[in-house]
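Residues 11 to 152 (my numbering) make up the sequence shown, in order. Ideal Cβ placement from N, Cα and C applies to all residues, glycine included.
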Amino acid sequence: MPQRIGYLTGVFDLFHVGHLDVLERASQQCDRLVVGVLTDDWAVDAWGARPFVPVIERAQILEQLRCVDEVVVVDGVETELLTGQLGVATVFAADGTDGVLGPDELDGVPAGLVSVLASGRGSRSQILRAAIDQRQSRSSVA
């Protein structure tokens, strides 16, 4: 019996409960969830900032979650990879979850494949980033 494969892409930096919520919701809507972790270079090019946690560590964190079946490191959203090699039936987008691609960031993915997930619990990642930035600026002055 064929499995319905779902796919979700994000940076997943400073992993937080909002990430967990969207991953669990995506997992409930497919038989197998593949998660694409965007590279550090992608984050710099697209969002102007390097993630705090390196891509290898972000991938390792995601691999340990029960709701994630496979993790791939990617440098963008490639429709050919999704529909061809991975056999994805649904590409999930997260509406309002920090660090996970939203529907407007899935250029080239056919609209019929995209399923938008509502945001879950709020993220504290912006507060964490501000605290880290503040601490780094103080330590570099000393």
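Legend entry - Whole-angstrom distance between Leu24 and Val63, CA atom to CA atom: Whole-angstrom Cα-Cα distance: 7 Å.
Legend entry - Reference Val119; option with closest CA among Thr19, Val81 and Arg14: Residue nearest to Val119 within the set Thr19, Val81 and Arg14 is Thr19 (criterion: CA-CA distance).
Legend entry - Extent of the continuous beta strand (DSSP E) run through Ser125: Taken as a continuous stretch (DSSP letters only), the beta strand (DSSP E) holding Ser125 covers Val124 to Ala128.
Inset, instruction - May I ask you to report which of helix, strand or coil DSSP gives Ala152? - result: Only weak support exists for where Ala152 lies, its pLDDT of 40 falling under 50; the value from the coordinates is given anyway. Correct three-state label for Ala152: coil.
Legend entry - Nonlocal neighbours in the same chain, by C-beta distance under 6 Å from Asp55, ignoring five residues either side: Around Asp55, the same chain offers no residue with a beta carbon nearer than 6 Å, after the five sequence neighbours per side are excluded.
Inset, instruction - Under 7 Å Cβ to Cβ from Asp79, same chain only, skipping five residues before and after it: list those, please. - result: If we look at Asp79 and ignore the five residues flanking it on each side, its Cβ neighbours are Arg42, Leu43 and Val44.
Inset, instruction - Write down the C-beta distance between Thr89 and Gly28 rounded to the nearest angstrom, noting that I regard them as a contact closer than 8 Å. - result: Not really, about 26 Å apart at Cβ, beyond 8 Å.
Inset, instruction - Please state if the CB of Gly16 and the CB of Val126 are separated by a distance shorter than 8 Å. - result: Contact flag unset, no.
Legend entry - Proximal residues to Gly109 (C-beta, below 7 Å), its chain only, five neighbours per side dropped: Spatial neighbours of Gly109 in its own chain (CB-CB distance under 7 Å, excluding positions within 5 residues in sequence) are listed in chain order as Gly20, Val21, Phe22, Asp23, His29 and Ser135.
Legend entry - C-alpha gap between Ala53 and Leu92, whole angstroms: The straight-line gap separating the alpha-carbon atoms of Ala53 and Leu92 is approximately 20 Å.
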